[in-house]
Amino acid sequence: MATPVALEVSPSRAGARMSRARRREALAGYLLLLPWAIGFLLFVAGPLVASAALSFTAFDVARPPRFVGLENYVNAFTSDDRFLSSLQLTFVYAVVSVPLALFGSLLLALLLNQRLRGTSLYRTFFFLPSLTPAVAVAILWTWLLQPDVGLVNYLLSLVGITGPKWLGSTEWAMPSLIVIALWTGIGGNRMMIFLAGLQGVPQELYDAADIDGAGAVQKFRHITLPMISPTMFFNLVLGIIAALKVFTVAFIATQGGPAFSTWFIALHIWSQAFKYLEMGYASALAWIFTLILLLLTVAQFRLSRHWVYYEGEDSR
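FYI, in the numbering used here the residues of the sequence shown are 2 to 317.
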């Protein structure tokens, strides 16, 4: 008679033990997530909510916020002469710098994927600039591009060329910032992601192409590019977002000048918030810029259906 009792009780006890184990595991997981959750609430979600609320107020820190409705958003497009021009300059910077950085990083990754002697050393060499802090990069290039005693103009003088004022010139300030961005943008994480994508292309595809008599260009166009298109899309999305948020290099190297020729949208938002203490208006500008970034990202995902190939999908 003891055996049937044992058979009835043991599954429930096993289930109870399993349940307690799962509860302990879940509790441990929540405890491990707790620091991140607190940090997210305090430093991300909280400021986001506060910024959204402040964007509908006039708030200069010294006095309590005063509700003004959509006035800040309307003023951005009707009364602020610098808002649209700063957006335009930011997009020009992104349109030029992102494709160049992507192309340069892909080219470097292709070279480093050739299994040549010393490849690890070359990878380290090309990765090093991305480890340099942005402030240090900006100061370094400010010295290099100094018109009178800078190294760049000195090297140009050796071949008989008089260098421009670079960061002090309205014509050359933007190209100078793009060059500085490319110094850290080509290589680094972007190159390593491309390299990982290239090494994930199955060798069998290249072997089959060799049998069919395909050349290097044909293999790159019909095998390599489609297979690394998800990697390219990932780098493109992150690159555009990073370029549109450009701030540090312009703040350190040019302060938005000369004559507002490098007055990017992030500088404009910062100046409204911390220079003129227009916290409500700056919050509205930040949310307009956030919506623009969101729309651009959604558009990129929609367009990616036409050129990004995901292995195993038949939707293309």
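Glycine is no exception: its CB is placed at the ideal position from the N, C-alpha and C atoms.
Beta bridge pairing from DSSP links R67 with A59. For E72, the enclosing alpha helix (DSSP H) stretches over residues E72 to T79. Within the same chain, S98 come within 6 Å of A182 by CB-CB distance, once the 5 residues on both sides are set aside.
Sorting Q219, W142 and L292 by C-alpha distance to the C-alpha of I242 places L292 at the top. Fewer than three Cβ pairs drawn from the segment 53 to 71 and the segment 296 to 316 lie within less than 8 Å of each other, which leaves the two stretches out of contact. DSSP, read as helix, strand or coil, puts G189 in helix. With fewer than 16 other beta carbons inside 10 angstroms of its own, E172 counts as exposed. When the alpha-carbon of A59 is set against those of D81, N73, L113 and G47, the nearest one is in N73. Annotated as distal: L141 and V153, with beta-carbon spacing of 8 Å or more.
Per DSSP, R222 lies in no alpha helix (DSSP H) and is assigned neither H nor E. By the beta-carbon neighbour count (other beta carbons within 10 angstroms, threshold 16), G30 is exposed. In the structure shown, W144 adopts helical secondary structure according to DSSP, grouped into three states.
DSSP, read as helix, strand or coil, puts R116 in coil. Excluding five sequence positions before and after F127, the CB atoms of its chain that fall closer than 7 Å to its own CB belong to L109, G188 and M192, given in chain order. Here the C-alpha atom of A274 lies approximately 45 Å from the C-alpha atom of P227.
Within the same chain, W167, L168, T255, G258, P259, S262 and T263 come within 8 Å of A174 by CB-CB distance, once the 5 residues on both sides are set aside.
For A51 against A285, the beta-carbon gap comes to about 13 Å, at or over 8 Å, which does not count as contact. A distance below 8 Å separates the beta carbons of L245 and L294. Distance from the CA atom of L206 to the CA atom of R83, rounded to whole angstroms, is 52 Å.
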